[in-house]
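These notes are about the structure you will find just below.
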Amino acid sequence: MPTASGVKLKAPEVSALLPRESPEQYMAVALAEARLAAARGEVPIGAALVDEAGQILAQNGNRTIELCDPGAHAEMLVLREAGRLRGNYRLPRTTLYVTLEPCVMCAGALVHARVSRLVYGAIDPKAGGVVSLFQVGQDPRLNHLLAVEGGLLAAESAALLRDFFRERRTGWGMKS
Ligand SMILES: [Zn+2]
487 MPTASGVKLK APEVSALLPR ESPEQYMAVA LAEARLAAAR GEVPIGAALV DEAGQILAQN
547 GNRTIELCDP GAHAEMLVLR EAGRLRGNYR LPRTTLYVTL EPCVMCAGAL VHARVSRLVY
607 GAIDPKAGGV VSLFQVGQDP RLNHLLAVEG GLLAAESAAL LRDFFRERRT GWGMKS
């Protein structure tokens, strides 16, 4: 007699239960986090870390102002949470979706965490650390290489940032 019916699922059935969303859907989760960040008065950048089965391990947006922490970028928060969840600071076989090209700090953290793949939305020509200014994660002198894809839902990500900074220049709540 089965005591816990849930554990009787065979592997293929279990994997069939796991969400298998498209890259656009994962980026949509990151974009939703970016919008939440904007609502908190933070720069609208959001991220989601997805494992090899397609499960979202963690999702978050920027919280540098809220936490008084220059390291509280969306990517860092997501890596920290996923690390706690897995009980391991290494996060191999994961993909990070983030709305903006990561900075050098976050790109470095992705290398430390051994994240396999990075998918970003808009490019950041002023501070980008994986393509634009620096190519952290692509440098064979480091012991981990990151697969990088950019431009996914880039227009939506860039529009969020543009609107956010436009609003700040004209003052809070002064939106036409
Ligand atoms: Zn960063």
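One point on numbering: in my numbering, the residue at position 49 of the sequence shown is 535, and numbering is uninterrupted.
We put the beta carbon where it would ideally sit given N, CA and C, even for glycine.
Report task. Report the rounded CA-to-CA distance for G547 versus Y606, giving the unit in angstroms. Result -> In the sequence shown, counting from the first residue as 1, residue 547 sits at position 61. In the sequence shown, counting from the first residue as 1, residue 606 sits at position 120. G547 and Y606: Cα-Cα distance of roughly 14 Å.
Query raised in the report: What whole-angstrom Cβ distance do A560 and E519 have, given they're in contact under 8 Å?
Result: The residue labelled residue 560 in the question sits at position 74 within the sequence shown. The residue labelled residue 519 in the question sits at position 33 within the sequence shown. Rounded, the Cβ-Cβ distance is 6 Å, consistent with contact.
Report task. May I have the straight-line CA-CA distance separating L639 from L522, to the nearest angstrom? Result -> Locating residue 639 in the sequence shown gives position 153, where the first residue counts as 1. Locating residue 522 in the sequence shown gives position 36, where the first residue counts as 1. Spanning the two alpha carbons is a distance of roughly 17 Å.
Report task. Grab the span of the alpha helix (DSSP H) containing V564 for me, first residue to last. Result -> Position 78 of the sequence shown, counting from 1, holds the residue named residue 564. Residues 560-572.
Query raised in the report: With 16 as the cutoff for other CB atoms within 10 Å, does T489 come out buried or exposed?
Result: In the sequence shown, the residue the question calls residue 489 occupies position 3. Low local confidence applies: a pLDDT of 44 at T489 is under 50, so the model's placement there is unreliable, with the coordinate-based value given in what follows. It counts as exposed.
Requested in this report: Confirm the yes/no value for this check: CB of E561, any heavy atom of ligand 1, distance under 7 Å.
Outcome: One-based indexing of the sequence shown puts residue 561 at position 75. Yes, Cβ of E561 sits closer than 7 Å to a heavy atom of ligand 1.
Query raised in the report: Thinking just about the alpha-carbon of each residue, which of G637, Q541, L631 is nearest to the one in H598?
Result: Taking the first residue of the sequence shown as position 1, residue 598 is located at position 112. Answer by Cα proximity: L631.
Requested in this report: Within its chain, find whatever has a CB closer than 8 Å to the CB of L571; leave out the 5 residues flanking it on each side and keep chain order.
Outcome: Translated into positions along the sequence shown, residue 571 becomes position 85. Result list for L571: L543, A544, in chain order.
Query raised in the report: Rounded to a whole number of angstroms, what is the C-alpha to C-alpha distance between Q472 and G532?
Result: For residue 472 there is no data in the structure shown, the boundaries of the chain being 487 and 662.
Query raised in the report: Helix, strand or coil: how does DSSP classify G623 here?
Result: Working through the sequence shown from its first residue, we reach residue 623 at position 137. G623: coil per DSSP, three-state reduction.
Query raised in the report: From A525 to R549, what distance separates their C-alpha atoms?
Result: On the sequence shown, residue 525 is found 39 positions in, with the first residue counted as 1. On the sequence shown, residue 549 is found 63 positions in, with the first residue counted as 1. The straight-line gap from Cα to Cα measures roughly 11 Å.
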